[in-house]
Amino acid sequence: MICVVVGAHWYLWRRLVRDVSAPGGVWRRTGTVLAFALPLLVVATFTAGRGGAPFAVERVLAWPGYLWLALLIYLLLSLLVGEAVRPLLRRFLERRDAARGAGTGTGAGAGRVGAGEGAAAPAPREPGLAVGAAKGAPAPVAGSGSGAATEADGQAGGLAVRDEEDEREPAASTATALDEARETGDGADGSGSGSASGGTGTGSTRAPSAGAGGTGGQDKGAGRVSADTGTGTGTDAGTDTADAGPSRRLFVARTVAVGAALVGGATVAGGAYSVLNGPTLKRVTVPLAKLPRQAHGYRIAVVSDIHLGPILGRSHTQRIVETINSAQPDLVAIVGDLVDGSVADLGPAAEPLRNLRSRHGSFFVTGNHEYFGDAAEWVDHVRELGIEPLENARKELPGFDLAGVNDVAGEDTGEGPDFARALGDRDTSRASVLLAHQPVQIHEAVDHGVDLQLSGHTHGGQMWPGEYLAGLANPTVAGLERYGDTQLYVTRGAGAWGPPVRVGAESDVTIVRLAAKRA
Numbered sequence: 001m002i003c004v005v006v007g008a009h010w011y012l013w014r015r016l017v018r019d020v021s022a023p024g025g026v027w028r029r030t031g032t033v034l035a036f037a038l039p040l041l042v043v044a045t046f047t048a049g050r051g052g053a054p055f056a057v058e059r060v061l062a063w064p065g066y067l068w069l070a071l072l073i074y075l076l077l078s079l080l081v082g083e084a085v086r087p088l089l090r091r092f093l094e095r096r097d098a099a100r101g102a103g104t105g106t107g108a109g110a111g112r113v114g115a116g117e118g119a120a121a122p123a124p125r126e127p128g129l130a131v132g133a134a135k136g137a138p139a140p141v142a143g144s145g146s147g148a149a150t151e152a153d154g155q156a157g158g159l160a161v162r163d164e165e166d167e168r169e170p171a172a173s174t175a176t177a178l179d180e181a182r183e184t185g186d187g188a189d190g191s192g193s194g195s196a197s198g199g200t201g202t203g204s205t206r207a208p209s210a211g212a213g214g215t216g217g218q219d220k221g222a223g224r225v226s227a228d229t230g231t232g233t234g235t236d237a238g239t240d241t242a243d244a245g246p247s248r249r250l251f252v253a254r255t256v257a258v259g260a261a262l263v264g265g266a267t268v269a270g271g272a273y274s275v276l277n278g279p280t281l282k283r284v285t286v287p288l289a290k291l292p293r294q295a296h297g298y299r300i301a302v303v304s305d306i307h308l309g310p311i312l313g314r315s316h317t318q319r320i321v322e323t324i325n326s327a328q329p330d331l332v333a334i335v336g337d338l339v340d341g342s343v344a345d346l347g348p349a350a351e352p353l354r355n356l357r358s359r360h361g362s363f364f365v366t367g368n369h370e371y372f373g374d375a376a377e378w379v380d381h382v383r384e385l386g387i388e389p390l391e392n393a394r395k396e397l398p399g400f401d402l403a404g405v406n407d408v409a410g411e412d413t414g415e416g417p418d419f420a421r422a423l424g425d426r427d428t429s430r431a432s433v434l435l436a437h438q439p440v441q442i443h444e445a446v447d448h449g450v451d452l453q454l455s456g457h458t459h460g461g462q463m464w465p466g467e468y469l470a471g472l473a474n475p476t477v478a479g480l481e482r483y484g485d486t487q488l489y490v491t492r493g494a495g496a497w498g499p500p501v502r503v504g505a506e507s508d509v510t511i512v513r514l515a516a517k518r519a
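Here is the structure:
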């Protein structure tokens, strides 16, 4: 478990701190400290109560520890979704930048040619020049608006002048210049053609566009090849593209991090409000074949998993009592997990239960959390509050039998459920309603001919996707289902265990209305 907590915090540090901040920065230092402190807080929160820490210390640790645990869960889920979004966002930005670069290049590269549309061949620069009297020689290529080179005809009696160095230059130099131009920028090649004819022979060559001087050579200092219709952007564009990579990665990392923080924070805030605002009132009708007509419409207020503890206290209990009393039920059933602590610490928090009002009283069965402490002490205390415990016992009410069994967690102390004692000698012609904390007890309820079992324990999963995990260990996570001739209703509970947060599983008090089929 500790390895999971540490691993989760390392992943959060990587995505929310390292990937979005500079080394040595304030957030990098702060986030690194939190990455070490928060796992310790989570471990301390879980172990304080069982380690014998004073209740005051538990309360100090519980609020930040459990709320951070909830936020940790939803930050992880949000960031995992962000892992799928991350490459899509990066690809979108790359395409957008590429489209912008192409548009900029088209405008910037226009009109970068030589001295004019029809630049003349350069004049001789050295006295040692070759004069062609009978044989044609190609003239040097000058830049033009269309990228075409000037053409010189060498005929008998004509005079062509060229530089001795140019005469010796191989045709491959032209290709080299073009390759260099492509490496330094994304611009289009300015190309031209030159031809010479002497006698019957003809020849042609392609050369890069000339620079401002129309020399026919490559201006390597400028790093650009362009024509009046060109699209080249030059070495500056290459540098911008190289710099855009890290910038895009940082932008994507920060976008995903901020999005995950907003989603996680809003989810936890809404879930905490759901719990601290008190349970909603839910109503469900359950038809029972054996229920007599005079009991038709009988209303049972089912409340479970109140979980009084270091976070949820007296005001939480008061809200639940007010919700139940507002429905004016015939009977109140508290189906386990009332507390997470001792009577000494939580007795005052349970005091408002004394104000529960119903026609036939209030009843209580133990849940697994009662056995984390002294369950017998709590059984005695709820009796003092005017609530009748059903410890593997049954009570005959007008129209049906109400039975209750201890939770299966009591088996470790010899106080487990005893269905035979609670249901063995009853009149099976009467309808029966069983209070049992855990839904897994439905199988023995079916064997003993129970008509309806009322349970809690699952919290409906409490925090999505918790219902899928709860479904692995419970036959029903929430709601009403049928098992043979026995129906099972599972309430989501009125409180919360651990983080005071519910997501996708709103807390409730359920009014179960019994219906006679012959009514």
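Residue 1 is where the sequence shown starts when you use full-length UniProt numbering, and the numbers rise one by one after that.
For glycine and all other residues, C-beta sits at the position ideal for the given N, C-alpha and C.
Just so we're clear, the structure is a prediction, and the values are computed from it rather than from any experiment.
- In this chain, Glu411 is not harboured by any alpha helix (DSSP H), its DSSP state being neither H nor E.
- For Phe400 against Ala295, the beta-carbon gap comes to about 6 Å, under 8 Å, which counts as contact.
- In the DSSP assignment, Leu480 falls outside any alpha helix (DSSP H) and lies within the beta strand (DSSP E) extending over Gly479 to Tyr483.
- Between the alpha carbons of Glu370 and Leu338 lies a gap of roughly 7 Å.
- When DSSP states are grouped into helix, strand and coil, Ile2 belongs to the helix group.
- DSSP places Val339 in the strand class (E or B) of the three-state scheme.
- If you draw a straight line from the Cα of Leu71 to the Cα of Ala420, it comes to about 45 Å.
- The C-beta of Asp412 has fewer than 16 other C-beta atoms within 10 Å across all chains shown, which makes the residue exposed.
- When the Cα atoms are used, Ser342 and Arg518 turn out to be separated by approximately 47 Å.
- Relative to the Cα of Ile2, the nearest Cα in the group Gly416, Arg299 and Leu38 belongs to Leu38.
- With respect to the 7 Å criterion, Pro500 and Val303 are not classified as neighbours on the basis of their beta carbons.
- A contact is defined here as three or more CB-CB pairs under 8 Å, and the region 485–493 fails this definition with respect to the region 253–267.
- According to the DSSP assignment, Asp401 belongs to the beta strand (DSSP E) that extends over Phe400 to Gly404.
- A buried status is given to Ser362, since no fewer than 16 other beta-carbon atoms sit within 10 Å of its beta-carbon.
- Under the 10 Å beta carbon count, Phe92 is surrounded by fewer than 16 other beta carbons and is classified as exposed.
- Listed in chain order, the alpha helix (DSSP H) elements of length 4 or more contained wholly in the region 299–345 are 314–327.
- The beta carbon of Pro348 is closer than 7 Å to those of Arg314 in its chain, skipping five residues each way along the sequence.
- In this chain, Ala494 is not harboured by any alpha helix (DSSP H), its DSSP state being neither H nor E.
- One thing to note: Asn406 has its Cβ no nearer than 7 Å to the Cβ of Glu388.
- Judged by their CB atoms, Tyr298 and Leu514 are nearer to each other than the 7 Å cut-off.
- Comparing alpha carbon positions, the residue from Ala375, Ser78, Ala289 and Gly373 closest to Thr255 is Ser78.
- According to DSSP, Ile511 shares a beta bridge with Arg283 and Ala301.
- The region 455–472 makes contact with the region 500–509: 3 or more CB pairs, one atom from each, lie closer than 8 Å.
- Of all C-beta pairs linking the region 433–444 to the region 466–485, three or more are shorter than 8 Å, placing the two stretches in contact.
- Per DSSP, reduced to three states, the secondary structure at Glu388 is strand.
- Val4 and Ala333 have their C-alpha atoms spaced approximately 38 Å apart.
- Beta-bridge pairing by DSSP links Thr486 to Tyr483.
- Here the alpha carbon of Gly51 sits roughly 17 Å from the alpha carbon of Tyr66.
- The Cβ-Cβ distance between Ala44 and Leu69 does not fall below 7 Å.
- By the CB criterion at 7 Å, Ala431 and Leu288 fall inside the cutoff.
- Beta-bridge annotation (DSSP): Arg394 is paired with Ala403.
- Residue pairing of Ala516 in beta bridges, as defined by DSSP: Leu288.
- A distance of 7 Å or more separates the beta carbons of Phe36 and Asp345.
- Residue environment for Arg394: buried (at least 16 other C-beta atoms within 10 angstroms of its C-beta).
- Residues of the same chain with a CB within less than 6 Å of the CB of Asn325, apart from the 5 flanking positions on each side, are Arg357 in chain order.
- Rounded to the nearest angstrom, the gap between the Cα atoms of Tyr11 and Glu467 is 25 Å.
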